[in-house]
Amino acid sequence: MRLRATVLVATALLYLTAAAPLQIGEPEVSLADVISDPQTYDGRHLRLHGFLILRFEGNALYVSEADYRAERFDRSLWIDVSSRRPDASILSGKLAFVSGVIDTGNLGHVGLR
């Protein structure tokens, strides 16, 4: 049985460049740290970096491309992409910064986290 990540990044706003400036009050946190201890970050607005996949019922941010290719769902977060960012799809399959609110109470497609 595959383990699922235990956290969700809700209402994620995608930055189009990896050099996007950090917003005041928006700490950049390791994606691995959030996955390993999601309750610590619940409700907080964070900036994360990882390998982004945007596809129908499969939006996720992985710790690395290797994790994506190996289907390491336990090393990924489900991403709810803002409808205000229709251009975000150009980042799929690339390393990207994602900014959003951690919400451990919501689930992704078919209850995935």
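So that you can map any letter, position 91 of the sequence shown is 133 in my numbering, and since no number is skipped, the others follow by simple counting. Glycine is no exception: its CB is placed at the ideal position from the N, C-alpha and C atoms. Computed from a predicted structure; not experimentally measured.
query                                                                                                                             : result
Look at the alpha carbon of L73 and the alpha carbon of V105, and state the distance between them as a whole number of angstroms. : 6 Å
Exposed or buried, what is D129 when buried is set at 16 or more other beta-carbons lying within 10 Å of its beta-carbon?         : exposed
Identify which residue in D79, L103, T82 has its Cα closest to the Cα of A138.                                                    : L103
Suppose contacts are defined by Cβ-Cβ distances below 7 Å. Is I132 in contact with N101 by that definition?                       : no
At the level of alpha carbons, what is the spacing between I95 and Q81?                                                           : 24 Å
For a quick check, are the C-beta atoms of E70 and R89 less than 7 Å apart?                                                       : yes
Beta strand (DSSP E) containing S141: first to last residue?                                                                      : 136-144
What's the gap between the Cα of F116 and the Cα of S78?                                                                          : Looking at the sequence provided, one finds Asp at residue 116 rather than Phe. For D116 and S78, the distance between alpha carbons rounds to 9 Å.
Compare the Cα-Cα distances from A112 to each of D75, F93, G142 and report the closest residue.                                   : F93
Check R114 in the structure and name its three-state DSSP category.                                                               : coil
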